[in-house]
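Novice: This note's numbering applies: residue -7 is where the sequence shown begins, and numbers increase by one. Idealized CB from N, CA, C, for every residue including glycine. Below is one structure. I have some questions about it.
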Amino acid sequence: MSRHNVHESQQRELAQLRAQNQELMHINDEWDKEYREQREAFRRYQADAQAAQTENHTAIARLKNNLATVEEERDRLEDELGRYQRELHALRERLAVSESMRMCGGGGEVVKLEEELSLLRQQVKAYEEDFEAEKREKERLRDEKHSAAVRYEAEKTSLQLQLDRCQADLAHFTAEANRLAQQLKLKNQYEEDRYREHLENKGFVSRSPGSGLPPLDPYVEIDQKNILLPPHRAASNGLASRSRNTVQNGTLHNGHPQLVTNFAKLSVGNEYVVPTARLSNGGWLPPVHSNGPRRQGANVCRLVARGVEKDVVSIKNNSDGLSSSDSSSSVDDSDGLEECVPDLSPPPPPLASKGRHACPHCARRFQDKKTFQQHRDKCLA
């Protein structure tokens, strides 16, 4: 046999083996598919059987309970039936006695027994009616009790859900309130420190916390000769004259009456200007930490008398027609006034008023929560 024939026979055998392999693989796939289908069917059948078994157990337990109830009712009815049978037997015996007596000629006694028998029959009938009515009433009460139990469980579940939801809301609102309170506390502390630092940079002196006195208010409407009042208060010539004379006499006017009482008597005398002229945003100098407009040309002075320092601000107001002395003039040190120097420094930057999230340290506001959190972490670090 030549080599070519051997090669062809091997090729044919190889093709035959490949065909058999493909056929076996196809049969194997079909068997695997059928096995998987049968396994899934078996699992479904097993689950259905388990569910049916559980349902059967539940039904059996329910039927056992019903059977126990029915047996109790049957026993009670049998007792009632036995009692009625005994009463009926007694009545029959009495009826037989009455019949025998009537046959013997005792007519009056027979009539009496018949009347008693009739009364007993009516009594038995009344007992039967009472028994039926009591039976219906018990069934009605049992149904109502079952319905009430179902409603009670439903209402209990609903109220428990409401209670859980309210407790969750309460915990959330409490945490939010604590967070906002802490944020407000930090913001107020920051603004207070900022305000105090600004006053110290301008040369004002703060009181110690243990002094028992309110903090100094540097915005006092006074200069060397004139007390500057708001426009609606400056129209009174008599008041302006009294204010001018009071300043020339060395007395002190302050925006806080309690400070006037304490320091005017100790420092410069027992008299002081009674009218209290507070600064407003209508062209007058607002507080440093306020976002309102600041009037240019304010003169910062310091009044020192008997070891007590008091901050004073004089405002040069030429547009309102009020006379004021030169801001650069000086007064004798014996009167307790130092030289006033113009305060031309710009006001502190206003706090941002837009945004839902405010930084507790620098009070900046942000619309984006993520940006706010990044800024807060850097600012409080």
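Under a three-way DSSP split, which group does His349 fall into?
Specialist: In this structure, His349 counts as strand in the three-state DSSP scheme.
Novice: Entirely within the stretch 38 to 114 and at least 4 residues each: give me those alpha helix (DSSP H) ranges in chain order.
Specialist: For the stretch 38 to 114, not a single whole alpha helix (DSSP H) run of length 4 or above is found.
Novice: Look at Leu178 and His353 and say whether their C-beta atoms are less than 9 Å apart.
Specialist: In this structure, His353 lies closer than 9 Å to Leu178 by Cβ.
Novice: With a 10 Å radius around its C-beta and 16 neighbouring C-beta atoms as the bar for buried, classify Cys332 as buried or exposed.
Specialist: Low local confidence applies: a pLDDT of 36 at Cys332 is under 50, so the model's placement there is unreliable, and no value is given.
Novice: For Phe358, which residues does DSSP report across the bridge?
Specialist: Answer is His349, bridged to Phe358.
Novice: Alpha carbon to alpha carbon, how far is Val(-2) from Ala11? Give it in angstroms, no decimals.
Specialist: Taking the straight line from one Cα to the other gives about 20 Å.
Novice: Label Leu251 either buried or exposed according to how many other C-beta atoms from any shown protein chain fall within 10 Å of its C-beta, with 16 as the threshold for buried.
Specialist: Bear in mind that a pLDDT of 38 at Leu251, under 50, signals an unreliable position, so the number given afterwards is only what the model happens to contain. Buried: at least 16 other Cβ atoms inside 10 Å.
Novice: Using DSSP with H/G/I as helix, E/B as strand and the rest coil, what is Ala160?
Specialist: Three-state DSSP puts Ala160 in a helix.
Novice: Should the stretch 160 to 171 be regarded as contacting the stretch 110 to 125, the criterion being three or more beta carbon pairs within less than 8 Å?
Specialist: No, because fewer than three Cβ pairs between the stretch 160 to 171 and the stretch 110 to 125 fall closer than 8 Å, the two stretches do not touch.
Novice: Exposed or buried, which one is Pro249 when buried takes at least 16 other CB atoms within 10 Å?
Specialist: Caution is warranted here: a pLDDT of 37 is assigned to Pro249, below 50, making its placement in the model unreliable, and no coordinate value can be reported.
Novice: Going by other Cβ atoms of all chains shown within 10 Å of its Cβ, with 16 needed for buried, is Cys371 buried or exposed?
Specialist: Answer is exposed; the Cβ neighbour count stays below 16.
Novice: Could you check whether Tyr182 and Ala355 sit closer than 9 Å to each other, using their CB atoms as the reference points?
Specialist: Yes, the Cβ-Cβ distance between Ala355 and Tyr182 is below 9 Å.
Novice: Within 10 angstroms of its Cβ, does Ala350 collect 16 or more other Cβ (buried), or is it exposed?
Specialist: Its Cβ being crowded by 16 or more others within 10 Å, Ala350 is buried.
Novice: Does the Cβ of Phe358 have 16 or more other Cβ atoms within 10 Å, making it buried, or fewer, making it exposed?
Specialist: Label assigned to Phe358: buried.
Novice: In whole angstroms, give me the CA-to-CA distance for Leu380 and Val142.
Specialist: The requested residue 380 does not occur in the structure, where the chain is confined to residues -7 to 373.
Novice: Pick out whichever of Leu16, Glu106, Arg68 and Arg171 has its Cα sitting closest to the Cα of Glu85.
Specialist: For the residues Leu16, Glu106, Arg68 and Arg171, the minimum Cα distance to Glu85 belongs to Glu106.
Novice: Would you be able to state if there are at least three C-beta pairs under 8 Å between the stretch 114 to 130 and the stretch 65 to 85?
Specialist: Yes, since at least three Cβ pairs between the stretch 65 to 85 and the stretch 114 to 130 fall closer than 8 Å, the two stretches touch.
Novice: Helix, strand or coil, according to DSSP, for Ala405 in the structure here?
Specialist: With the chain represented from -7 up to 373, any question about residue 405 goes unanswered, as that position is not in the structure.
Novice: Report the rounded CA-to-CA distance for Glu5 versus Trp23, giving the unit in angstroms.
Specialist: Rounded to the nearest angstrom, the two C-alpha atoms are 26 Å apart.
Novice: Whole angstroms is fine: what's the gap from Ile52's alpha carbon to Thr46's?
Specialist: Their Cα atoms are separated by approximately 10 Å.
Novice: DSSP three-state label for Ala373, please.
Specialist: In the structure shown, Ala373 sits in coil (DSSP, three-state: anything other than H, G, I, E or B).
Novice: So Phe123 packs on Glu72, CB below 8 Å; how close in whole Å?
Specialist: That belief holds up - the Cβ atoms of Phe123 and Glu72 are roughly 6 Å apart, short of 8 Å.
Novice: Mind checking whether Lys361 and Arg348 have CB atoms under 9 Å apart?
Specialist: The answer is yes: Cβ separation under 9 Å.
Novice: Out of Glu131, Gln42, Val89 and Gln8, which has the shortest C-alpha to C-alpha gap to Val62?
Specialist: Val62 has its Cα closest to that of Glu131, out of Glu131, Gln42, Val89 and Gln8.
Novice: From Asn273 to Arg186, what distance separates their C-alpha atoms?
Specialist: For Asn273, the pLDDT reaches just 35, beneath the cut-off of 50, and the residue's location in the model is therefore unreliable, although a value from the coordinates is still provided. Rounded to the nearest angstrom, the two C-alpha atoms are 21 Å apart.
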